[in-house]
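Protein chains: 2
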Amino acid sequence: MRAVGIRPTIADIAKRVGVSPGAVSFALNGRPGVSEQTRARILEAAREMNWRPHRAARALGGAQAGVVGLVLARDPRTLGSEQFYTQILYGMQDVLSARSSAVQMQLVRDTPAEIDLYRHWASEHRVDGLVLVDLQLDDPRIAVVRELGLPAVTLGLPGEPDQLPSVWADDAEAMTTIVDYLAALDHRRIAHVAGPPVYQHTARRAAALHSQVEARGLHAGESVPTDFSDAQGAAATRALLSRADRPTAIVYDSDLMAAAGLGVALEMGIEVPRQLSIVSFDDSVLTRIVHPALTCLSRDTHALGAQVATTLLEAIADPASRRSVQTETPRLVVRSSTARPAG
Amino acid sequence: MRAVGIRPTIADIAKRVGVSPGAVSFALNGRPGVSEQTRARILEAAREMNWRPHRAARALGGAQAGVVGLVLARDPRTLGSEQFYTQILYGMQDVLSARSSAVQMQLVRDTPAEIDLYRHWASEHRVDGLVLVDLQLDDPRIAVVRELGLPAVTLGLPGEPDQLPSVWADDAEAMTTIVDYLAALDHRRIAHVAGPPVYQHTARRAAALHSQVEARGLHAGESVPTDFSDAQGAAATRALLSRADRPTAIVYDSDLMAAAGLGVALEMGIEVPRQLSIVSFDDSVLTRIVHPALTCLSRDTHALGAQVATTLLEAIADPASRRSVQTETPRLVVRSSTARPAG
DNA sequence: GTGTGGAACTAAAGCGCTATAGTCAACAGC
DNA sequence: GCTGTTGACTATAGCGCTTTAGTTCCACAC
Chain A
28 MRAVGIRPTI
38 ADIAKRVGVS
48 PGAVSFALNG
58 RPGVSEQTRA
68 RILEAAREMN
78 WRPHRAARAL
88 GGAQAGVVGL
98 VLARDPRTLG
108 SEQFYTQILY
118 GMQDVLSARS
128 SAVQMQLVRD
138 TPAEIDLYRH
148 WASEHRVDGL
158 VLVDLQLDDP
168 RIAVVRELGL
178 PAVTLGLPGE
188 PDQLPSVWAD
198 DAEAMTTIVD
208 YLAALDHRRI
218 AHVAGPPVYQ
228 HTARRAAALH
238 SQVEARGLHA
248 GESVPTDFSD
258 AQGAAATRAL
268 LSRADRPTAI
278 VYDSDLMAAA
288 GLGVALEMGI
298 EVPRQLSIVS
308 FDDSVLTRIV
318 HPALTCLSRD
328 THALGAQVAT
338 TLLEAIADPA
348 SRRSVQTETP
358 RLVVRSSTAR
368 PAG
Chain B
28 MRAVGIRPTI
38 ADIAKRVGVS
48 PGAVSFALNG
58 RPGVSEQTRA
68 RILEAAREMN
78 WRPHRAARAL
88 GGAQAGVVGL
98 VLARDPRTLG
108 SEQFYTQILY
118 GMQDVLSARS
128 SAVQMQLVRD
138 TPAEIDLYRH
148 WASEHRVDGL
158 VLVDLQLDDP
168 RIAVVRELGL
178 PAVTLGLPGE
188 PDQLPSVWAD
198 DAEAMTTIVD
208 YLAALDHRRI
218 AHVAGPPVYQ
228 HTARRAAALH
238 SQVEARGLHA
248 GESVPTDFSD
258 AQGAAATRAL
268 LSRADRPTAI
278 VYDSDLMAAA
288 GLGVALEMGI
298 EVPRQLSIVS
308 FDDSVLTRIV
318 HPALTCLSRD
328 THALGAQVAT
338 TLLEAIADPA
348 SRRSVQTETP
358 RLVVRSSTAR
368 PAG
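Below you can see the structure in the form of structure tokens.
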């Protein structure tokens, strides 16, 4: 056993103040049943004795675990979006730690493993709620979360009436912003290096690009699917740039792929931005340190994380809530990777 | 209250099998007190009823929380090492999830906040042990962890006799590898863009560079301190390259700063690797996607994380253990950012 | 003076599990 | 036949906290 410094319990406080443990509990939880005077004495004693609630004891009585879960399902070899999720995590923690809750983040290999983990967590009472990210078409996790009765919030899924509460931004609008900008520069061939097609955000972005391109009478805006890895981002870029009618602008679904694509273009002797404009859908330090720095969509990821946490806390407090929050559409930050196409 | 699917308890199992709850507990925990036959029936029933232990109930009885903590203290604006720690996390989780434990990772702003968090966690019985990273000279966390009686493992601190157990690699040796390599290429002016001087690893690397440079009669190997941000990495590079006797090779303590430094060099019209060789002390996808790809030290970060978890579990099982594990010295991966200096 | 109601408590049960102290029957040894 | 000794259990207490059901006491109304 660990030689841990012995912690005071409410019984100790009760003894010291000369009241019953129940009274101490009332006082510490701010509920009626004790006089203001006694409450003050109890609080003072608790402070002096450096008392802290024993999480497990509270949780056993049916209270909350004080933890929310966030699972990232991805192949360990196709990392790259950590920065985004690190920021999200940070934003969530800022909100949650004020309620002395925490985020349990876990990385797993795939969606089945993610679902297993949810079942585990639910049966062990480990978490009070979940954040679902990287929503898929017909996402199997939704039914599981329902079945388990775990409050959850989705990040990125525009809320549908009977769906889970969600925090989302308008991906289609964001893509429109990009196409507007590129079209104004006279780009006529715009390609899209996308993520895996199972993801809803990928599908929405591809659809938006397509309809925008069509509405403006530009050349077919093709979306090339990838697994989000730098390798596939590079390969997709190489394929696109090897064509006779190669695009004059490429939109990338992630900063990592955009940076990899930039590398491929330079290697092929294609000048950026003179011969090729590059736009990243994600911002991060990466878009700033490559040369030329990448034009990208940017948003306050920290605030997004905070919003997710807030919405999740609401969902935990009121499981019937279906409130969805739309966050601001990412705004375009123009850097040096975009310009009017040559010729 | 949450409309959660009602979980079976050991009492339910006991009722179903027709024994007492105590017997069920014995059976499920593999301890004597029940016949093999009864044990089998109990296990079967538990499986059928999909029973899982209630963490909080176990923890209340003094058992473990099933969580270990890992706190990253850094300014949110100087992110960048997420990839390294994401991999560590992944490696730890692979080991821990087999013991149905988890890692609680939390980001805080500075060391005092980190210490606060440790006190909180300890008093709430939230974690069974801690991983201390980014060790500092005279690290204040060590005394706190001792005082709290929390088992802990340090990552990166060569174990001293009465210190905490640690998992470490030989930074000095690694720096020697780099200097060996650069010296063999005839570099005579080697500079070092380091991390914050309070970090032990920074200090060790700088010292190793210094003594190596001296031993070989090269020009003074200066270490420029930074806060690990891309901005300061870039600034340090600019300063170094603006000198009359500018270095022909720069070693960076992080991949992010190395990439930023590369950008600065290109911007200044200094060719890499012809006029400047760049080596990064850290590997990640970043070193591969920039152009030219960066020569760097590489190691199996996932395995490192797994080793950390294993060592921590040992420390939890036996708090007296002071076992330190040296992991393999990072090996040099030569890419395109290093070459014989021109002239 | 009796009853009523509320404030300020106390007593006790219970959350799910573990651990310790019985209990009881079967068998061994003298 | 009696004591001892196992093995296989059961009964019970307890972990720290919350919560419900009392209990006391006092103020006030009639």
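Chains A and B, in that order, give the protein sequences. The numbering of the first sequence is this note's numbering, which starts it at 28 and goes up by one. The numbering of the second sequence is this note's numbering, which starts it at 28 and goes up by one. Built from N, CA and C at the ideal position, the CB exists for glycine as well.
Looking only at its own chain, which residues have a Cβ that is under 8 Å from the Cβ of Arg168 of chain B, when we skip the five neighbours before and after it? Along the second sequence, read from residue 1 onward, the residue named residue 168 of chain B stands at position 141. Cβ neighbours of Arg168 of chain B beyond the five flanking positions: Thr138, Glu141, Ile142, Tyr145, Leu159.
Segment contact flag, the segment 295 to 303 of chain A with the segment 73 to 93 of chain A, C-beta cutoff 8 Å, min 3 pairs: no
Are there 16 or more other CB atoms within 10 angstroms of the CB of Asp280 of chain A, so buried, or fewer, so exposed? Against the first sequence, residue 280 of chain A aligns to sequence position 253. With 16 or more Cβ atoms within 10 Å of its Cβ, Asp280 of chain A is classed as buried.
Three-state secondary structure (DSSP) at Leu177 of chain A? Your numbering for residue 177 of chain A matches position 150 in the first sequence. Coil.
How about Trp78 of chain B and Pro35 of chain B: are their beta carbons less than 8 Å apart? Taking the second sequence and counting its residues from 1, the one referred to as residue 78 of chain B is at position 51. Taking the second sequence and counting its residues from 1, the one referred to as residue 35 of chain B is at position 8. Yes, Cβ-Cβ distance for Trp78 of chain B and Pro35 of chain B is below 8 Å.
Between the Cα of Asp272 of chain B and those of B:Arg362, B:Arg216, B:Ile33, B:Gln227, spot the shortest distance and give me the residue it belongs to. For the purposes of this step, residue 272 of chain B is identified with residue 245 of the second sequence, where counting begins at 1. The residue from B:Arg362, B:Arg216, B:Ile33, B:Gln227 with its alpha-carbon nearest to that of Asp272 of chain B is B:Arg216.
Proximal residues, the segment 308 to 342 of chain A versus chain B, C-beta separation under 9 Å: Ser311, Val312, Leu313, Arg315, Ile316, Val317, His318, Ala320, His329
Inter-residue spacing [alpha-carbon to alpha-carbon] between Phe53 of chain A and Ala41 of chain A: For the purposes of this step, residue 53 of chain A is taken as residue 26 along the first sequence, with counting starting at 1. For the purposes of this step, residue 41 of chain A is taken as residue 14 along the first sequence, with counting starting at 1. Between Phe53 of chain A and Ala41 of chain A, the C-alpha separation is close to 11 Å.
In three-state terms, what does DSSP make of Gly96 of chain B? As a working mapping, residue 96 of chain B is identified with position 69 in the second sequence. In this structure, Gly96 of chain B counts as strand in the three-state DSSP scheme.
Indicate whether the contact test is met: 3 or more Cβ pairs, each with one atom in the segment 321 to 336 of chain A and one in the segment 262 to 276 of chain A, closer than 8 Å. no
Residues of chain B with CB under 8 Å from Pro80 of chain A, in chain order? Position 53 of the first sequence, counted from the start, is the residue given in the question as residue 80 of chain A. Glu151, listed in chain order.
Tell me where the beta strand (DSSP E) around Ala129 of chain B begins and ends. Position 102 of the second sequence, counted from the first residue, corresponds to residue 129 of chain B. Taken as a continuous stretch (DSSP letters only), the beta strand (DSSP E) holding Ala129 of chain B covers 129 to 135.
In chain B, what lies closer than 7 Å to Met132 of chain A by C-beta? Taking the first sequence and counting its residues from 1, the one referred to as residue 132 of chain A is at position 105. Per Cβ cutoff of 7 Å: Met132.
Alpha carbon of Pro185 of chain A to alpha carbon of Glu294 of chain B, nearest angstrom: Taking the first sequence and counting its residues from 1, one reaches residue 185 of chain A at position 158. Taking the second sequence and counting its residues from 1, one reaches residue 294 of chain B at position 267. So the two alpha carbons sit approximately 42 Å from each other.
Assuming Thr203 of chain B and Ala235 of chain B form a contact by the criterion Cβ under 8 Å, report the distance between their Cβ atoms to the nearest whole angstrom. As a first step, residue 203 of chain B is located in the second sequence; it is residue number 176 there, counting from the start. As a first step, residue 235 of chain B is located in the second sequence; it is residue number 208 there, counting from the start. With 8 Å as the limit, Thr203 of chain B and Ala235 of chain B qualify as a contact, their Cβ atoms being about 6 Å apart.
Close Cβ partners of Val46 of chain B (< 8 Å) along its chain, the five nearest in sequence each way excluded: Counting from 1 along the second sequence, the entry for residue 46 of chain B is found at position 19. Excluding positions up to five away in sequence, the list reads Val61, Thr65, Ile69.
Here's a check: name, in chain order, each residue in its chain whose Cβ is nearer than 7 Å to the Cβ of Ala149 of chain A, leaving out the five neighbours to either side. The residue labelled residue 149 of chain A in the question sits at position 122 within the first sequence. Same-chain partners within the cutoff: Leu175, Leu177.
Looking at the strands, I want to know which residues DSSP matches up with Trp78 of chain A. Position 51 of the first sequence, counting from 1, holds the residue named residue 78 of chain A. According to DSSP, Trp78 of chain A bridges with nothing at all.
Whose Cβ in chain B lies nearer than 7 Å to the Cβ of Leu359 of chain A? The count along the first sequence starts at 1 and reaches residue 359 of chain A at position 332. Neighbours of Leu359 of chain A on chain B: none; closest Cβ ~22 Å, over 7 Å.
Under 7 Å between beta-carbons, which chain A residues line up against Arg34 of chain B? List them in chain order, please. Locating residue 34 of chain B in the second sequence gives position 7, counting from the first residue. Per Cβ cutoff of 7 Å: Ser150.
Helix or strand or just coil, what does DSSP make of Arg350 of chain B? Here residue 350 of chain B is taken as the residue at index 323 of the second sequence, counted from 1. Coil, per DSSP.
Going by the beta-carbon positions, is the gap between Val306 of chain B and Thr365 of chain B smaller than 8 Å? Locating residue 306 of chain B in the second sequence gives position 279, where the first residue counts as 1. Locating residue 365 of chain B in the second sequence gives position 338, where the first residue counts as 1. Cβ atoms of Val306 of chain B and Thr365 of chain B: closer than 8 Å.
Are any of the Cβ atoms in chain B nearer than 8 Å to that of Thr264 of chain A? For the purposes of this step, residue 264 of chain A is taken as residue 237 along the first sequence, with counting starting at 1. No, Thr264 of chain A does not count as interfacial toward chain B.
Of the residues A:Ile277, A:Ser304, A:Ile115, A:Glu200, the one placed nearest Ala369 of chain A, counting alpha carbons only: Counted from its first residue, the first sequence places residue 369 of chain A at position 342. Check the Cα spacing between Ala369 of chain A and each of A:Ile277, A:Ser304, A:Ile115, A:Glu200: the tightest is with A:Ser304.
Beta-carbon proximity of Arg153 of chain B to Val94 of chain B, cut-off 8 Å: On the second sequence, position 126 is the one that residue 153 of chain B refers to. On the second sequence, position 67 is the one that residue 94 of chain B refers to. Cβ atoms of Arg153 of chain B and Val94 of chain B: closer than 8 Å.
Could you tell me the alpha carbon to alpha carbon distance between Ala233 of chain B and Phe308 of chain A, rounded to whole angstroms? For this step, residue 233 of chain B is matched to residue 206 along the second sequence. For this step, residue 308 of chain A is matched to residue 281 along the first sequence. For Ala233 of chain B and Phe308 of chain A, the distance between alpha carbons rounds to 39 Å.
Return the chain-ordered list of same chain residues with a C-beta closer than 7 Å to the C-beta of His214 of chain B, the five sequence neighbours on each side being excluded. For the purposes of this step, residue 214 of chain B is identified with residue 187 of the second sequence, where counting begins at 1. Contacts found: Thr275, Ala276, Ser304, Pro368.
Determine the chain B residues that contact Leu87 of chain A at a beta-carbon separation under 9 Å, and present them in chain order. Sequence index remark: in the first sequence, residue 87 of chain A carries index 60 (1-based). Within 9 Å Cβ-Cβ: His81, Ala83, Ala84, Ala86, Leu87.
Min CB distance Asp39 of chain B to chain A below 8 Å: The sequence position of residue 39 of chain B within the second sequence is 12, counting from 1. No, because no Cβ of chain A sits closer than 8 Å to the Cβ of Asp39 of chain B.
What does Ala286 of chain B touch in chain A if you count any residue whose Cβ is under 7 Å from its own? Indexing the second sequence from 1 puts residue 286 of chain B at position 259. Within 7 Å Cβ-Cβ: Ile316.
Nearest residue (CA-CA) to Trp195 of chain A, options A:Gly222, A:Arg231, A:Leu245: Residue mapping note: residue 195 of chain A aligns to position 168 of the first sequence, counting from 1. If we check each option's Cα against that of Trp195 of chain A, A:Arg231 comes out closest.
When we look at the beta-carbon of Ala86 of chain B and count the other beta-carbons within 10 Å, is it buried (16 or more) or exposed? Counted from its first residue, the second sequence places residue 86 of chain B at position 59. Answer is buried; the Cβ neighbour count reaches 16.
Give the DSSP-derived three-state secondary structure of Gly244 of chain B in the structure shown. For the purposes of this step, residue 244 of chain B is taken as the residue at position 217 of the second sequence. Looking at Gly244 of chain B - three-state DSSP - the assignment turns out to be coil, as it is neither helix nor strand.
Can you tell me where the beta strand (DSSP E) with Leu116 of chain A in it begins and where it stops? Within the first sequence, the letter at position 89 stands for residue 116 of chain A. Following the DSSP letters along the chain, one finds Leu116 of chain A in no beta strand (DSSP E) but inside the alpha helix (DSSP H) bounded by residues 109 to 124.
Since Asp310 of chain B contacts Val360 of chain B with CB under 8 Å, what's their CB separation in whole angstroms? Within the second sequence, numbered from 1, the residue matching residue 310 of chain B stands at position 283. Within the second sequence, numbered from 1, the residue matching residue 360 of chain B stands at position 333. So it is a contact: roughly 7 Å between Cβ atoms.
Given a threshold of 16 other Cβ atoms within 10 Å of its Cβ, counted over all protein chains shown, does Ala125 of chain B qualify as buried or as exposed? Stepping through the second sequence from its first residue, residue 125 of chain B is reached at position 98. So Ala125 of chain B counts as exposed.
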